[in-house]
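Residue numbers (our numbering): 107 to 273.
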Ligand SMILES: [Zn+2]
Ligand SMILES: [Zn+2]
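Put into structure tokens, the structure is as follows:
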């Protein structure tokens, strides 16, 4: 954990937090409010999680992606969108833990060896002070009971921030 993150966490704990979903004070996202987020419901492509598909979509059948399967717990709208964007760009790290808990729900038959966060480019990580994906991954790994491997992936080029990665 970087010094900047420690300072931010200390600053957050000094002020009463306001829930991103209901606006009441007491938490960055109440657990009961977390349950009201819109789930990414089936049917979806079993590989890329595209909505409205039973089985595997045409794109995945024609040219399978490098990954075997993707899952996202929520649709990227409403409170889920706001919570993620605030966690990512406003640095509200108190949102990361509830979001990571929700993201740790994966099919029980997946043979998971480790959780690997997608790294930031070193220049971006220096600017932001921390990589929110690494913080999420650590909580997800803990929940799944597998190691977190932050050095498994390496970013080789800078890409613009993703706002649309969730289905
Ligand atoms: Zn709330
Ligand atoms: Zn697909």
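Glycine is no exception: its CB is placed at the ideal position from the N, C-alpha and C atoms.
Give me, in chain order, the residues of the same chain whose beta-carbon lies closer than 7 Å to that of residue i; leave out the 5 immediate sequence neighbours on both sides.
i	result
residue 219	252
residue 159	149, 150 and 151
residue 168	none
Taking its Cβ as the centre, do 16 or more other Cβ atoms sit within 10 Å of residue i, making it buried, or is it exposed?
i	result
residue 257	exposed
residue 189	buried
residue 195	exposed
residue 153	buried
residue 170	exposed
residue 223	buried
residue 240	buried
residue 243	buried
Using a Cβ-Cβ cut-off of 6 Å (strictly less than) and excluding sequence neighbours within five positions of residue i, which residues of its own chain qualify?
i	result
residue 246	206, 209, 210 and 221
residue 185	127 and 143
residue 181	144 and 146
residue 229	none
List the endpoints of the continuous alpha helix (DSSP H) containing residue i.
i	result
residue 245	238–250
residue 254	It is not in any alpha helix (DSSP H) - residue 254 carries neither H nor E in the DSSP assignment.
residue 139	137–140
residue 230	228–234
residue 205	202–209
Going along the chain, which residues of its own chain have a beta-carbon closer than 8 Å to the beta-carbon of residue i, five neighbours each way excluded?
i	result
residue 248	254
residue 233	none
residue 137	204
residue 260	225
residue 202	193, 238, 241, 242 and 245
residue 231	225 and 237
residue 130	124 and 136
Just checking residue i against ligand 4 - is the residue's beta carbon closer than 6 Å to any of the ligand's heavy atoms?
i	result
residue 127	No copy of ligand 4 occurs in the structure displayed; its ligands are ligand 1 and ligand 2 alone.
Flag this pair as touching only if the stretch 206–215 and the stretch 157–174 have three or more C-beta atom pairs under 8 Å; answer yes or no.
Because the criterion of three Cβ pairs below 8 Å is not met, the stretch 206–215 and the stretch 157–174 do not touch.
Give, in chain order, every unbroken run of the alpha helix (DSSP H) that is at least 4 residues long and sits entirely within the stretch 153–188.
164–168
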